[in-house]
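Q:
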């Protein structure tokens with residue numbers, strides 16, 4: 058698990074601006090979490106998930122608890138999909154005495170076809186405790202097929 062310090066730039070800077078320490082930290086957490094997700098490394102993936110996770114998905118409903126989340130990934134994702142963060146969409150904001158909220162958009166690529174046309178939005182609540190970050194709440198919504206814009 059990353060032990061990146063929980064800090065961000067001074068009060069004059071906006072915490073969601075790319076490159077601030079908090080944004081860099083959460084972007085690294087997102088990258089590590091989804092590297093494990095994409096490679097079906099469920100042991101590593103589980104380390105980033107809080108035991109009491111609440112995962113709200115517009116299409117799949119509610120998943121409660123780390124074990125259920127890991128099993129859901131094993132069943133629905135492993136060998137089927139790859140998740141990619143959409144460039145330029147990441148926003149990170151501090152949550153006092155808790156951690157941070159991460160907001161962004163992602164796309165999913167079907168491994169069998171290579172098609173990356175499924176997109177959605179997410180809100181991740183990251184808890185910082187005992188020197189490490191864990192994902193404690195997720196709202197994943199607005200999932201749809203991306204359509205090519207008329208050229």
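Residue numbers (my numbering): 58 to 208.
Where is the CB? At the ideal position from N, CA and C, for every residue including glycine.
Using alpha carbons as the reference points, say which of 160, 134, 144, 157 lies closest to residue 102.
A: 134
Q: Since residue 191 sits in a beta bridge, which residues does DSSP pair it with?
A: 184, per the DSSP bridge assignment.
Q: Would you say residue 162 and residue 184 are within 8 Å of each other, going by their C-beta atoms?
A: no
Q: Can you round the beta-carbon distance between residue 97 and residue 139 to whole angstroms, since I take them to be within the 8 Å contact cut?
A: Not confirmed; about 10 Å, so no contact.
Q: Using CA atoms only, rank isn't needed, just tell me which of 119, 118, 197, 155 is closest to residue 79.
A: 155
Q: Enumerate in chain order the residues of its own chain whose CB-to-CB distance from residue 119 is below 8 Å, with the five nearest sequence positions on each side excluded.
A: 111, 112, 113
Q: Taking the alpha helix (DSSP H) that residue 99 falls in, what are its first and last residues?
A: 99–104
Q: With DSSP as the reference, label residue 78 as helix, strand or coil.
A: helix
Q: In whole angstroms, what separates the C-alpha of residue 86 from that of residue 190?
A: 8 Å
Q: Who are the Cβ neighbours of residue 202 in its own chain at under 7 Å, not counting the five residues just before and after it?
A: 174, 175
Q: CA-CA distance, residue 168 and residue 153?
A: 39 Å
Q: Hey, could you find the ends of the beta strand (DSSP E) residue 167 is sitting in?
A: 156–167
Q: May I have the straight-line CA-CA distance separating residue 199 from residue 181, to the nearest angstrom?
A: 15 Å
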